[in-house]
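Chains as they are written, first to last, in the working numbering: chain A, 127 to 355; chain B, 127 to 355.
Working notes, beginning with the structure itself.
There are 2 protein chains.
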Amino acid sequence: MARLPEYLRALHNLADSGDDTVSSEGLAAAAGVNSAKLRKDLSHLGSYGTRGVGYDVALLIEQIEYVLGLTQCRAVALVGIGNLGHALAGYAGFASRGFRIAALFDADPARVGEEISGLTVRHIDELPTIAAEESIAIGVIATPAAAAQTVADQLVAVGVTSILNFAPCVLTVPEGVDMRKVDLAIELQILSFHEHRKAALTALPGGLVGGAEETDGRAGRAGVEAVGS
Amino acid sequence: MARLPEYLRALHNLADSGDDTVSSEGLAAAAGVNSAKLRKDLSHLGSYGTRGVGYDVALLIEQIEYVLGLTQCRAVALVGIGNLGHALAGYAGFASRGFRIAALFDADPARVGEEISGLTVRHIDELPTIAAEESIAIGVIATPAAAAQTVADQLVAVGVTSILNFAPCVLTVPEGVDMRKVDLAIELQILSFHEHRKAALTALPGGLVGGAEETDGRAGRAGVEAVGS
DNA sequence: ATTCGCTTGTGAAGGCGTGCACAAATCGCG
DNA sequence: CGCGATTTGTGCACGCCTTCACAAGCGAAT
Chain A
127 MARLPEYLRA LHNLADSGDD TVSSEGLAAA AGVNSAKLRK DLSHLGSYGT
177 RGVGYDVALL IEQIEYVLGL TQCRAVALVG IGNLGHALAG YAGFASRGFR
227 IAALFDADPA RVGEEISGLT VRHIDELPTI AAEESIAIGV IATPAAAAQT
277 VADQLVAVGV TSILNFAPCV LTVPEGVDMR KVDLAIELQI LSFHEHRKAA
327 LTALPGGLVG GAEETDGRAG RAGVEAVGS
Chain B
127 MARLPEYLRA LHNLADSGDD TVSSEGLAAA AGVNSAKLRK DLSHLGSYGT
177 RGVGYDVALL IEQIEYVLGL TQCRAVALVG IGNLGHALAG YAGFASRGFR
227 IAALFDADPA RVGEEISGLT VRHIDELPTI AAEESIAIGV IATPAAAAQT
277 VADQLVAVGV TSILNFAPCV LTVPEGVDMR KVDLAIELQI LSFHEHRKAA
327 LTALPGGLVG GAEETDGRAG RAGVEAVGS
């Protein structure tokens, strides 16, 4: 499930706060989900909770980290050291969650040799050489869209089986290779859509349109987590 | 629907290629989705396609841009000019899709005054002043997790109704404010989960585990777009 | 003008995720 | 030892999304 990392982060926060056990309701609130959903998720991976008490924070962290495969530190190759690549290379959140950026690549000779947070940018042609030394499990593509498919093919060719793509394009990979995409502009466009919808609704306060307007009493902090679809 | 931006990007690519019309199957392939799904999505927004011919590319672009509210350029405020904030401030993909980064903010006095791609970083306390001049519709939070909730509150206070959060934490916003979250580390953890699952499957080739192993004939480029859940 | 091929739009079926509500289980206390 | 409070785990129903399959409509060629 895609929510496990969220639970894991909330659990780490609880552990730092000194909490020893947590109820499903408490953890659900910290992760921003429904408590029933959380219980079902945890039971789905055969979890160990004690009825009447809750979940043991340390044990649950261990379990989730095992399921997510975070017990072993995975090597990440980052391709495309532009604006976004720089930020990703220096992003502290990766190292703190058990990921090690093993190598940086770019196709631009002007960028090769640059040093970023302890790593030297190498030319993409050196990818097979580096991959032979270190077992690269995950590749991150932060190149322009035009180069992304070529880079993906090169990554697959050296045995990478998981790819995170930041380029705004559709990539095709062989079966058995997992692929996730993050498009920053699309996120903004989705927000723009909701802005547009809200503007249209306020223009017609009566509401001939079938917009759900939820005129319930509770105002203020109503805990809206993420807008649907 | 969250897929409209994807269709829009594919349509722009087709327009640049000189294509005048496109069939649902062609556009679906370019966007990486099922053709039936695409037709249903387009029909859902009351679309104009010609049977036997396909969709008019230019008309469809216009329609989708209207629905997404991209006909007007929306001003974006970016808070948190760290590693990621720098990258976002310089990201060309925003400007090219009709978004204008109107202001940069940070709480660190050392960063205030810095100039990034034509904009000067201002202190977060100046947010109300700037918001009074420019109508900020969308706020982007790229701060550490500890500061994110405070920043979100400040953004809401000056009238921002859509927030894109890059901080790894759960934010609470009043009803009526839309909120999307992008957590880069979570994406990697999801990939790690699939890596772990694949490793477990190859260790047990017979497969007592109920993993779908799809031993169909088609090998190679099988068009696997994104892994589920 | 008519026929034929092609494409859209949509009705129906199936699957999946979500949330409610409740039984089972555990701990603490008298 | 028994009882009540509390919390997990889960059966069930509901609704959404996806997918298939097909009728309706449009253009082109003869």
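For each residue, glycine too, the CB sits at the ideal point set by N, CA and C.
Work out the CA separation of residue j and residue i for me, nearest whole Å.
| i | j | result |
| --- | --- | --- |
| B/P131 | A/I312 | 6 Å |
| B/E188 | B/S222 | 16 Å |
| B/G158 | B/T328 | 28 Å |
| B/L230 | B/M305 | 19 Å |
| A/L210 | A/A136 | 27 Å |
| B/G324 | A/L253 | In the sequence as displayed, the identity of residue 324 of chain B is Lys instead of Gly. The straight-line gap from Cα to Cα measures roughly 23 Å. |
| A/S169 | A/V277 | 39 Å |
| B/E301 | B/Q315 | 30 Å |
| A/D427 | B/H138 | Residue 427 of chain A cannot be examined here, being either before or after the span of chain A that is shown, 127 to 355. |
| B/R190 | B/G144 | The question names Arg, but residue 190 of chain B in the sequence shown is Ile. Approximately 19 Å, taken between the alpha carbons. |
| A/L290 | B/A154 | 22 Å |
| B/S150 | B/G244 | 41 Å |
| A/T255 | A/A326 | 56 Å |
| A/A273 | A/G152 | 45 Å |
| A/R200 | B/R200 | 40 Å |
| B/R248 | A/R248 | 36 Å |
Looking at C-alpha atoms only, which residue of the options is the closest neighbour of residue i?
| i | options | result |
| --- | --- | --- |
| A/T298 | B/E151, B/V205, B/A156, B/R135 | B/A156 |
| A/C295 | A/Q275, A/N139, A/L245, A/A162 | A/Q275 |
| A/T246 | A/P254, A/T287, A/L204 | A/L204 |
| B/H322 | A/G152, A/G144, A/S150, A/Q198 | A/Q198 |
| B/V303 | A/V303, A/L317, A/L290 | A/L317 |
| B/S288 | A/L153, A/R200, A/H320 | A/H320 |
In chain order, what residues of the same chain lie with their CB nearer than 8 Å to the CB of residue i, ignoring the 5 residues before and after it?
| i | result |
| --- | --- |
| A/V202 | F220, F225, R226, I227, A228, I262, A263, I264, G265, V266 |
| B/P270 | G206, G208, A293 |
| A/D167 | M127, R129, L130, Y133 |
| A/A257 | A203, V284, G285, V286 |
By Cβ distance, which residues of its chain are closer than 7 Å to residue i, with the 5 residues on each side in sequence left out?
| i | result |
| --- | --- |
| B/G208 | A268 |
| A/L185 | Y174 |
| B/D146 | V183 |
Throw me the rounded Cβ distance for the residue i and residue j pair, which I believe falls under 8 Å.
| i | j | result |
| --- | --- | --- |
| B/A236 | B/I250 | Incorrect: roughly 13 Å between the Cβ atoms, too far for contact. |
| A/L119 | B/Y217 | This structure cannot speak to residue 119 of chain A, because chain A is shown only from 127 to 355. |
| B/A212 | A/A213 | For the record, residue 212 of chain B in the displayed sequence is His; it is not Ala. The Cβ separation is near 6 Å, so the contact holds. |
Among the residues of its own chain, which have a CB less than 6 Å from the CB of residue i, if the five just before and after it don't count?
| i | result |
| --- | --- |
| A/V148 | L140, G180, Y181, V183 |
| B/V308 | F292 |
Legend entry - contact_flag[the stretch 193-201 of chain B, the stretch 156-165 of chain B] where n(CB pairs < 8 Å) is 3 or more: no
Legend entry - Stretch pair the stretch 260-273 of chain B + the stretch 270-287 of chain A: three plus CB contacts closer than 8 Å: no
Inset, instruction - Count the CB pairs spanning the stretch 170-190 of chain A and the stretch 239-249 of chain A that are closer than 8 Å, and state whether there are at least three. - result: no
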